[in-house]
Amino acid sequence: MQQRPLSPHLQVWRWGPHMLVSILHRVTGDGMALVGLAVLVWWLGALASGPEAYGTFQAIMGSPLGLFVLVGLSWAFFTHLMSGMRHFVLDIGAGYELDVNRMWSIAAPVIGVVLTIAFWAAILIRRGGM
Amino acid sequence: MGSGTSIGRVRGLGSAHHGAHHWLAARFTAAGNVVLMAWLVVSFVMLGDFGYANLVKWLAQPIPATAMILLVISLFWHARLGLQVVIEDYIHDAGSKFALIAALNLATIGGGAFAIFSVASLALGGQA
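In order, the protein sequences belong to chains B and X.
Note that our numbering has the first sequence beginning at 1, numbered continuously upward.
Note that our numbering has the second sequence beginning at 1001, numbered continuously upward.
The structure is reproduced here in C-alpha cells:
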C-alpha cells in the first residue's frame, strides 16, 4: 500500500468558499451530534429528575463556560441549517454555476451568524434583560 | 449465472435499489429537523423564563411533549447517519470501523431512548 501513488491531496488546492462551507457543514454537524445531543439529553434528563438536578444543569450551563457552549451550539445549528439548505438546492441540480455557487457558499455561513445573533437578541429581549 | 468473468456472474441479477437509502434518509430526517427545530427555536424565544416550574409546565403539555419526542427521534437518527459517514471516511481498519459503528448505534439508541423516556415521564406526571 505504501508504495502506491496518491491522488493530489488536500494541500494542493487553493482554498475557496465552497471548500470552507463544505467542511463547516461536517464540523458543525459532528459538533452538534457529539456535544449538542449530550446537552439535550442532560437537559431533558435533569428536568425529569426534578428541581435539584435541573438546578445543577442551570448552574453549569448558565456559567460563562456553559453559555459559551450554548452560543457555540446555536451558531453550529444555524450554520448547519443554512449549509444544509444549500445542499437541498444542490440536490435538485441547481446552483452549480461558478458565481452562484460562490455567492451561496459565502452567504450560508454569514446568514448563520446573523441568525445566531438574532436568536440570542430575541432571547435576551424576552427575558427583559435588555 | 456462469462460471465466467466476475461481471458475467452478476450481470442480469438486478440491483437491490437500496444504494440511495442512506442518502435519502439523511434528507428526510434533515427536513424533519428543519420543521421541529423551528418549533424549538420559536418555543425558546416565547418561553422567556427557563426556570424549572415553567419548563415542566410547558413540556408536560401534549403538543410540546409530542414535538420534543419527534425532535429527539429525528435528531438522533440524522446524527447517527452523519457520524456513520465520518467513521466510514476516516477509519480504514475494518475491525475498528465495525466497533465504532456498533458503539455509535448503542449511543444513539441509548441516548434517544433516555431522552424520550424523560419527556414521557414529565408528560405523564411521574417525576422521580
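We put the CB at the ideal spot given by N, CA and C, even for glycine.
Anticipated Cβ contact below 8 Å, B:W104 with B:G93, distance rounded: Actually they do not touch by this definition, with Cβ atoms about 14 Å apart.
Nonlocal neighbours in the same chain, by C-beta distance under 7 Å from X:T1108, ignoring five residues either side: These residues qualify, in order along the chain: F1076, A1079, R1080.
Kindly list, in the order they appear in chain X, the residues whose Cβ is closer than 7 Å to that of B:I123. At a beta-carbon threshold of 7 Å, the residues of chain X lying near B:I123 are F1044, V1045, ordered along the chain.
Tell me whether the beta-carbon of B:F133 lies closer than 8 Å to the beta-carbon of X:M1037. The first residue shown for chain B is 1 and the last is 130, placing residue 133 of chain B beyond what the model contains.
What three-state label does DSSP hand B:A94 in the structure shown? Correct three-state label for B:A94: coil.
Close Cβ partners of B:H18 (< 8 Å) along its chain, the five nearest in sequence each way excluded: Cβ neighbours of B:H18 beyond the five flanking positions: N101, R102, S105.
On a CA-only basis, which of X:H1017, X:Q1084, X:F1044, X:V1045 is nearest X:A1102? Give me that one, please. Ranked by Cα distance from X:A1102, the options X:H1017, X:Q1084, X:F1044, X:V1045 are led by X:Q1084.
With a threshold of 8 Å between beta-carbons, can B:V35 be considered close to chain X, or not? False, the Cβ-Cβ gap to chain X never drops below 8 Å.
Per-residue contacts from X:V1119 into chain B (C-beta, under 9 Å): Against X:V1119, the close residues of chain B are L44, L47, A48, in the order they occur along the chain (beta-carbon pairs closer than 9 Å).
Quick check on X:A1120: does DSSP put it in helix, strand or coil? It is helical.
Against chain X: residues of the segment 51 to 68 of chain B by CB proximity under 8 Å: So the list reads P51, Y54, G55, Q58, given in the order they occur along the chain.
State yes or no: is the beta carbon of B:M130 nearer than 8 Å to at least one beta carbon in chain X? Residue confidence is low: B:M130 scores 46 on pLDDT, short of 50, so the model does not pin down where it sits. Its coordinate-derived value is still stated next. B:M130 has a beta carbon lying at 8 Å or more from every beta carbon in chain X.
Whose CA, out of B:A59, B:A121, B:L81, B:I60, lies closest to the CA of B:M32? Of the listed residues, the one whose Cα sits closest to B:M32 is B:L81.
If you draw a straight line from the alpha carbon of B:F57 to that of B:R126, how long is it in whole angstroms? One alpha carbon belongs to B:F57, the other to B:R126, and they sit about 21 Å apart.
Pairwise C-alpha distance: X:G1032 and B:V89: Cα to Cα, the separation comes out at about 17 Å.
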